[in-house]
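Written below as structure tokens is the structure these notes are about.
2 protein chains.
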Amino acid sequence: MMIDIDLLLAWGATYKKLEPNEIIFNEGGVCNFYHQLVEGSVRWVNINEEGKEFIQTIIEPGECFGELPLFDGEGFAASAISNTTSLILRLHKASFHQLLKERSDIHLRFSHLLAQRIRFKFLILKELAFNDPEHRISTLLNYLKKNKKNVCSECNQLQLTRQQIADMTGLRVETVIRAMRNMHDKGDLLIKKGKVYYSDIAL
Amino acid sequence: MMIDIDLLLAWGATYKKLEPNEIIFNEGGVCNFYHQLVEGSVRWVNINEEGKEFIQTIIEPGECFGELPLFDGEGFAASAISNTTSLILRLHKASFHQLLKERSDIHLRFSHLLAQRIRFKFLILKELAFNDPEHRISTLLNYLKKNKKNVCSECNQLQLTRQQIADMTGLRVETVIRAMRNMHDKGDLLIKKGKVYYSDIAL
DNA sequence: TTTTTTATATGATTGCAATCATAAATTATA
DNA sequence: TATAATTTATGATTGCAATCATATAAAAAA
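Those protein sequence lines, which keep their order, are chains A and B.
Heads up, the first sequence is in our numbering, so the first residue is 1 and it goes up one at a time.
Heads up, the second sequence is in our numbering, so the first residue is 1001 and it goes up one at a time.
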């Protein structure tokens, strides 16, 4: 989901440049903006008491993030942190609501986005519950491939580290590494010099 | 989220009576209706190959369910099965979309609902990932209490079996039973004759 | 290029929830 | 009330991912 950049600018949105690992907003905090990523990469994460991260989504350019408070009025459900140097666009909450009001087509596209987000959560949740590391990982990778997320469109290379996959599936790095090696051995995916590629033979 | 029953009827919605354990729709199936529960109880579940259920939500009277396809055009993300004798209202998809179009206030309320659903998923997901059965259960119960879901408003009694809690947290019944006994011993909740009550001393 | 940092790899051990088995208590039904 | 079915309870065992430890490889920075 993205709103046309020119439209956002016309409505008064402003750019903000981010350093790597800069906190954009914190879980529980009050939301004043609609956020859209223009360049770079942002992770949307929950961090527990021991500092361990659970990555809800890794946002790519063109996607919005942190939108829940705009629709239900509560605090941020997770924190947003830049992975790399990034550029975002922010539109004031009031302007965003006005925009939705005037443009029911955009409102509908947000409903579509929200439904898709729930769908993804349904998918991951049932995987976490039904256990089995390999299955969890392969379901996640399948979803990402299908939605062309976190993958190089030219070379088919997965743009995630084992640690990130672990943080998205609730597993430990070592478990992910071992499971993925196993999947490689079975031909479910391809690992060359540590880098992961979707094998052509389905997944 | 509920739409006023008279309004639904005016728009051509029809009632459907359900026997216990009747399948309303199946995961992956095509959606033709907006569904709203009037009486009884419905579970929204994913069922894996071995027949084990993961309960995404237990729907109570006044709530809608199976709404994702109406917003993103894909198949049902989970199956819906009646827990008890139930009564639902169904409105044809096309009418629903027309209703949304004419009533932007209702559309906004659905955005609110969708955001809340994602929020709940964020919560559960990070719990499943950060492990620890007691913590998972207590987070779920807290959420349910806060949202007055699956709880008797008069007597404060939790309206879920240990099995259902297990199916919502990805744990086994025995683990849930043991964890909840433990929580009872610590005073986090109250178990009388097997029945669970929220203790007044927070949770 | 060399050094430092980050990511991947792999073995050994452990802890804990799943599993299996069985019983008791509670609720529903005859 | 008796009987059946469901839910809760509890012990014993096991399997598997987490954890710990350490090494190697790749990428980034000096």
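Note that beta-carbon positions come from the ideal geometry of N, C-alpha and C, so glycine has one too.
Once you ignore the five residues that flank residue i on each side, which residues in its own chain have a CB closer than 7 Å to its CB?
i: A:L99; result: W11 and I106
i: A:H135; result: E127
i: B:S1095; result: W1011 and G1012
i: A:G29; result: G75 and F76
i: B:M1002; result: Q1036, G1062, E1063 and C1064
i: B:L1232; result: As displayed, chain B neither begins before 1001 nor continues past 1203, which places residue 1232 of chain B out of reach and without an answer.
i: A:E49; result: none
i: B:L1009; result: none
With a 10 Å radius around its C-beta and 16 neighbouring C-beta atoms as the bar for buried, classify residue i as buried or exposed.
i: B:S1079; result: buried
i: A:D167; result: buried
i: A:K204; result: The displayed coordinates of chain A run from 1 to 203. Any statement about residue 204 of chain A would go beyond what the structure contains.
i: B:E1053; result: buried
i: A:S153; result: exposed
i: A:S82; result: buried
i: A:S104; result: exposed
i: A:C155; result: exposed
i: B:T1014; result: exposed
i: A:L7; result: exposed
i: B:L1158; result: buried
i: A:L140; result: buried
Counting only beta-carbon atoms, is residue i nearer than 9 Å to chain A?
i: B:K1195; result: no
i: B:D1188; result: no
i: B:K1093; result: no
i: B:K1052; result: yes
i: B:Q1056; result: yes
i: B:S1104; result: yes
Cβ of residue i within 9 Å of Cβ of residue j?
i: B:P1061; j: B:V1038; result: yes
i: A:F33; j: A:G66; result: yes
i: A:L160; j: A:I47; result: no
i: B:C1031; j: B:K1101; result: no
i: B:I1118; j: B:T1169; result: no
i: A:F122; j: B:K1121; result: yes
i: A:Q163; j: A:V176; result: yes
i: A:I88; j: A:I5; result: no
i: A:L114; j: B:F1071; result: yes
i: A:K16; j: A:R90; result: yes
Who are the near neighbours of residue i in its chain, counting only those whose CB is closer than 8 Å to its CB and skipping five residues on each side?
i: A:F130; result: none
i: A:I137; result: I165, T169, L171, V176, A179, M180 and M183
i: A:V173; result: R162, Q163 and A166
i: B:I1055; result: R1043, W1044, V1045, Q1164, D1167 and M1168
i: A:N26; result: F76 and S79
Could one say the Cβ of residue i lies closer than 9 Å to chain B's Cβ atoms, at least one of them?
i: A:L147; result: According to the sequence provided, residue 147 of chain A is Asn. The question's Leu does not apply to it. With 9 Å as the cut-off, A:N147 does not count as an interface residue toward chain B.
i: A:S138; result: no
i: A:N46; result: yes
i: A:G170; result: yes
i: A:L100; result: yes
i: A:S199; result: no
i: A:D153; result: Strictly speaking, residue 153 of chain A in this sequence is Ser, with Asp absent from that position. Cβ-Cβ to chain B under 9 Å: no for A:S153.
Spatial neighbours of residue i within its chain, please: CB distance less than 6 Å, with the 5 preceding and 5 following residues excluded, ordered by chain position.
i: A:L190; result: Y197 and S199
i: A:E22; result: S82
i: B:L1018; result: S1082 and S1086
i: B:S1041; result: N1083 and T1084
i: B:P1133; result: L1171, T1175 and A1179
Going by the C-beta, is residue i closer than 8 Å to any heavy atom of the ligand ZN?
i: A:N142; result: This structure simply doesn't include the ligand ZN, nor any ligand for that matter.
Got a sec: which bits of the segment 108-135 of chain A sit with their beta carbon under 7 Å from any beta carbon on chain B, in order along the chain? Contact residues of the segment 108-135 of chain A toward chain B are F110, S111, H112, L114, A115, Q116, R117, I118, R119, K121, F122, I124, L125, K126, L128, A129 and F130 (C-beta to C-beta distance below 7 Å).
Along the segment 61-89 of chain A, where does the CB come closer than 9 Å to a CB of chain B? Name the residues. E67, L68, P69, L70, F71, D72, G73, E74, A77 and A78
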